[in-house]
Amino acid sequence: MPNQAHLNSTGRIDTMSVRPRAFLSMWCPEGSTVMAQCKYCGNKGFFLSVSEHGLCNACHTPVVVDINQRMSRVNESMRIIQNSKVLGTQLHRFELIQEDLNVLCEYEEKGIAHGASKLLDTLDAFREDVIANNIKAAVDSAIAKADAAPSAKQSMTAASKALLTINEGLQELPGNNELIACKHRVNKYVSDAKLNSVLDSAKLAEFKGKINRAIDLYKEALFHLNNIDDKDQWQLEQVAEIETRIKELSQ
Ligand SMILES: [Zn+2]
0 MPNQAHLNST
10 GRIDTMSVRP
20 RAFLSMWCPE
30 GSTVMAQCKY
40 CGNKGFFLSV
50 SEHGLCNACH
60 TPVVVDINQR
70 MSRVNESMRI
80 IQNSKVLGTQ
90 LHRFELIQED
100 LNVLCEYEEK
110 GIAHGASKLL
120 DTLDAFREDV
130 IANNIKAAVD
140 SAIAKADAAP
150 SAKQSMTAAS
160 KALLTINEGL
170 QELPGNNELI
180 ACKHRVNKYV
190 SDAKLNSVLD
200 SAKLAEFKGK
210 INRAIDLYKE
220 ALFHLNNIDD
230 KDQWQLEQVA
240 EIETRIKELS
250 Q
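Numbered per numbering that gives the first Met the number 0, the sequence shown spans residues 0 to 250.
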């Protein structure tokens, strides 16, 4: 279909070729008069000639150039989205694609170009996938840093960055279940890291003989644990151990 832009097998849009204008015959084979009409501006007349894209002389070049430019930009944006790891860049490119596809759909409605509406239908799902994958990769990287951090405090800082990234993702995809589940996991990670950080300080105070300070920090840890509704096994064990330690140190 040389006169139509369409999705090829790789899912990319083929650009429309700017071909030499072909004049439509005024006469049908039977000999009746044909009235040509421009698909874009709607002008019609017995002596109006239209191109192979069904466009009049005035519309052909600007319309074909505009369609080609927008299709090239859509393909370029798709390439950038797939290669970039920067969420801001990807989101900006999705906006451009949306803008271009909206205009291309208007051409499609007039029967001039094809393929844009199909691509537009799949754009939201693709956008959601790209954002969720980007956030998950950033979170994995932040948690790997948190795991490798030399202290519980540094671990907490690294994991807190993951939470900021997830919140950024949730702004774009409110209610996304994967991101919400990820946020719960990282929240727990940060909460445990915070507890470990307080316990580290309490043990250090104990080691230095600052018993009142140590008791104070153990109570802080207990307060932190008491604010957690569904405690897991490790957290329940911590509560028991801390309560015992406070009793021992208070004697
Ligand atoms: Zn026209």
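Each residue gets a CB set at the ideal place from its N, CA and C atoms; glycine is no exception.
Residue i versus residue j: straight-line alpha-carbon distance, rounded
i: E51; j: L169; result: 47 angstroms
i: D191; j: R184; result: 11 angstroms
i: W233; j: T88; result: 41 angstroms
i: A161; j: S76; result: 27 angstroms
i: K202; j: A147; result: 21 angstroms
i: E265; j: C181; result: Absent from the model: residue 265. The displayed extent of the chain is 0 to 250, so no value can be given.
i: C27; j: Q68; result: Caution applies to C27, whose pLDDT of 37 falls short of 50 and renders its modelled position unreliable; the model cannot decide the point.
i: N7; j: V62; result: In this prediction, N7 scores a pLDDT of 47, lower than 50, which makes its location untrustworthy; the coordinate-derived value is nonetheless stated afterwards. C-alpha separation (whole angstroms): 22 angstroms.
i: Q250; j: P149; result: 33 angstroms
i: F45; j: I134; result: 59 angstroms
i: I241; j: I142; result: 27 angstroms
i: S116; j: C104; result: 6 angstroms
i: L235; j: R72; result: 56 angstroms
Residues that residue i bridges to, as DSSP identifies them
i: Q89; result: None; Q89 has no bridge partner.
i: V49; result: C55
i: A35; result: G44
Contact test: residue i Cβ vs ligand 1 heavy atom, cutoff 7 angstroms
i: Y39; result: yes
i: A57; result: yes
i: L178; result: no
i: N42; result: yes
i: L103; result: no
i: L95; result: no
i: L86; result: no
i: L54; result: yes
Burial state of residue i, where buried means 16 or more other Cβ atoms lie within 10 Å
i: R126; result: buried
i: S154; result: buried
i: E107; result: buried
i: C58; result: buried
i: N166; result: exposed
i: A124; result: exposed
i: S196; result: buried
i: D231; result: exposed
Nearest to residue i (by Cα), restricted to the options the options
i: N74; options: H59, I96, L54; result: I96
i: L118; options: A141, N211, N133, F93; result: F93
i: S200; options: K152, C181, K246, L172; result: K152
i: A145; options: G110, A158, S71, V129; result: A158
i: L122; options: G110, A143, L100, E107; result: L100
i: V64; options: G44, L90, I111, H91; result: I111
i: A137; options: T164, D128, V129, S116; result: T164
i: A239; options: Y217, D228, S249, Q250; result: Y217
i: V129; options: I210, Q81, Q36; result: Q81
i: V85; options: L198, N132, K43; result: N132
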